[in-house]
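In our numbering, the protein residues as written are 3 to 271.
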Ligand SMILES: Nc1ncnc2c1ncn2[C@@H]1O[C@H](COP(=O)(O)OP(=O)(O)O)[C@@H](O)[C@H]1O
Ligand SMILES: [Mg+2]
């Protein structure tokens, strides 16, 4: 076996709808990947900074943020900080990140800022995975995330309007592929907040599976109160309560994701 570390895989967790489980998935998938032995950098690309807060990184600890990286060319390695979990680092966000949309204006390569910033991190192969938690909009920040990524991971909430807006999301992915990042893939679609006592949930899950086929992960994330409690303790759910159904589902999702990555590597020879 060669000692050469595998190339870093960069995944954007994206859906322009708010409240569908992007941040929850980014935090818990990152932690679950860590649990299966992967080194992970979580990039908080949402000005709301929920991923940073959810990982227990208070605003006082966010001295350098993604804003400095995107606007002032601060090396991403200098903005990334260690979390309380060894092997999981965070590139935090603050509300000023929302200014990027306006401040980048028409600057050249404005859609490549994050890709350029992550290039040294990819080259160093310090991390197996970089997860980017996107804001709830198909904005310049989301386009930057998709341009920087190898693949997109789409959380879909099991509710009536789940499929609404997905046409737009898919069109954005197509647009990014068409110009900024031709090799962008979809890693998968994950059903979140699945409630097995609610027949609507299973109906939505069926519809989504009929529509997206194999793109949908087998693992469904159940609606679970422990998952929603964890962020207020500044902890991933997996640390707050590893045994709860939600945490276990994220461990399963991480296995499935890693399995897909292995299959992709095999197919690529
Ligand atoms: N599986 C789940 N079970 C229960 N609550 C959840 C679950 N996933 C997410 N939530 C809650 O739903 C809300 C929205 O989730 P969040 O991850 O912040 O969505 P987004 O980042 O897409 O806006 C949060 O309050 C979160 O705690
Ligand atoms: Mg969020």
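Idealized CB from N, CA, C, for every residue including glycine.
Check                                                                                                                                                                    : Outcome
Hey, quick one: how far does the alpha helix (DSSP H) through residue 211 stretch, first residue to last?                                                                : 201 to 214
Is residue 223 near ligand 3 - that is, is its Cβ less than 8 Å away from at least one heavy atom of it?                                                                 : Absence of ligand 3 from the depicted structure is noted, with ligand 1 and ligand 2 being the only ligands included.
Measure the C-alpha to C-alpha separation of residue 143 and residue 267 and round it to an integer number of angstroms.                                                 : 29 Å
State the DSSP-derived secondary structure class of residue 22, mapped to helix, strand or coil.                                                                         : coil
Within 8 Å: the Cβ of residue 183 and any heavy atom of ligand 1?                                                                                                        : no
Would a C-beta distance cut-off of 9 Å place residue 154 and residue 177 closer than the cut-off?                                                                        : no
Between residue 69 and the rest of its own chain, which residues show a CB-CB distance below 8 Å, the 5 nearest in sequence each way excluded?                           : 95, 96, 98, 99, 101 and 102
Three Cβ pairs or more, each shorter than 8 Å: is that satisfied between the segment 231 to 238 and the segment 197 to 210?                                              : no
Report all residues from its chain with a CB closer than 7 Å to the CB of residue 36; omit the five preceding and five following residues, and keep chain order.         : 42, 87, 89 and 90
Tell me whether residue 20, by its Cβ, gets closer than 8 Å to a heavy atom of ligand 2.                                                                                 : yes
For residue 243, I'd like the list of residues in its chain whose CB is within less than 7 Å of its CB, leaving aside the five on either flank, ordered along the chain. : 228 and 249
Checking contacts by CB at 9 Å: is residue 151 closer than that to chain B?                                                                                              : Checking the listed chains, one finds no chain B in this structure; it contains a single protein chain.
State the DSSP-derived secondary structure class of residue 131, mapped to helix, strand or coil.                                                                        : strand
Are the segment 109 to 127 and the segment 157 to 166 touching by the rule of at least three beta carbon pairs closer than 8 Å?                                          : no
Quick one: does the C-beta of residue 138 sit closer than 8 Å to a heavy atom of ligand 2?                                                                               : yes
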